[in-house]
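Undergrad:
Residue numbers (the numbering used here): 288 to 500.
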């Protein structure tokens, strides 16, 4: 893929010592040569205008939390059997996929909206934070020290990142109805650290609010 790409691709890696997503993300932030960062997970497929849509929403001192469309196990296996990703073919069968339970959303793929005040969150909201589809300015990510590398194991490192960005003065806007990605079905990862990670995020929120824990 790197050889076929029209754009230079830099591959970063780390030794497999369990779920250490925060560490590799920080490596990517440091290595990124552009001013704007778009975070995407490897179990997601994008629409042809994915980057264009994120660029439309990119504004100074703002970040974007996007949305995802969940694919069923059978549809995931079907798509993985294609020679290559064909969005036109996928879109032509959206109604059938939705009726058969292949996808959990229909309208956000068909209808897309641009920037607007309705997208902006007035306060931190935990819901709809998906680390598989986010974007922010590199300087804003560096200003808060990137992702918290002490958070290991699956879960809530994305919420922690968003909260700290918002607390630093960066405003959050929704990328729904614009930047949807397609999340391939896979077995659930080990979530044994999820509760502990969530507790740590809540403690940070309460501490910033001046509430004792």
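For every residue, glycine included, the Cβ atom is placed at its ideal position computed from N, Cα and C. All figures in this text were calculated on a predicted structure; none of them were measured in a lab.
Evaluate residue 467 with the Cβ neighbour count: other Cβ atoms within 10 Å of its Cβ, from every protein chain shown; 16 or more gives buried, anything less gives exposed.
TA: As a working mapping, residue 467 is identified with position 180 in the chain shown. Classification for residue 467: buried.
Undergrad: Would a C-beta distance cut-off of 8 Å place residue 442 and residue 417 closer than the cut-off?
TA: Along the chain shown, one-based indexing puts residue 442 at 155. Along the chain shown, one-based indexing puts residue 417 at 130. Not in contact: residue 442 and residue 417 (Cβ atoms no closer than 8 Å).
Undergrad: Could you tell me whether the region 292-304 touches the region 387-395, using the rule of 3 or more Cβ pairs below 8 Å?
TA: Result no; under three Cβ-Cβ pairs closer than 8 Å.
Undergrad: If I measure Cβ to Cβ from residue 500 and keep anything under 6 Å in the same chain, skipping five residues before and after, which residues do I get?
TA: The sequence position of residue 500 within the chain shown is 213, counting from 1. Residue placement at residue 500 is flagged as unreliable, the pLDDT there being 40, under the threshold of 50; the coordinate-derived value follows with that caveat. Result list for residue 500: 490, 493, in chain order.
Undergrad: If you pair each beta-carbon of the region 405-416 with each one of the region 379-388, do three or more pairs fall below 8 Å?
TA: With a cut-off of 8 Å, the region 379-388 and the region 405-416 do not count as touching, because too few Cβ pairs lie within range.
Undergrad: Short check: CB of residue 509 to CB of residue 400, under 8 Å?
TA: Only positions 288 to 500 of the chain appear in the structure, and residue 509 is not among them; the question remains open.
Undergrad: Quick one: what does DSSP say residue 408 is sitting in, helix, strand or coil?
TA: In the chain shown, residue 408 corresponds to position 121, counting from 1. Of the three classes helix, strand and coil, the one that applies to residue 408 here is coil, per DSSP.
Undergrad: For residue 404, which option in 459, 435, 476, 430 has the closest C-alpha, if you only look at C-alpha atoms?
TA: Counting from 1 along the chain shown, the entry for residue 404 is found at position 117. It is 459 whose Cα lies nearest to the Cα of residue 404.
Undergrad: If you scan the region 437-480 from start to end, which runs of the alpha helix (DSSP H) of 4 or more residues do you find wholly inside it?
TA: Correct list: 444-454.
Undergrad: Identify every residue that forms a DSSP beta bridge with residue 420.
TA: For the purposes of this step, residue 420 is identified with residue 133 of the chain shown, where counting begins at 1. According to DSSP, residue 420 bridges with 327.
Undergrad: With contact counted as at least three CB pairs below 8 Å, one residue from each stretch, are the region 360-367 and the region 430-441 in contact?
TA: Short answer: they don't touch.
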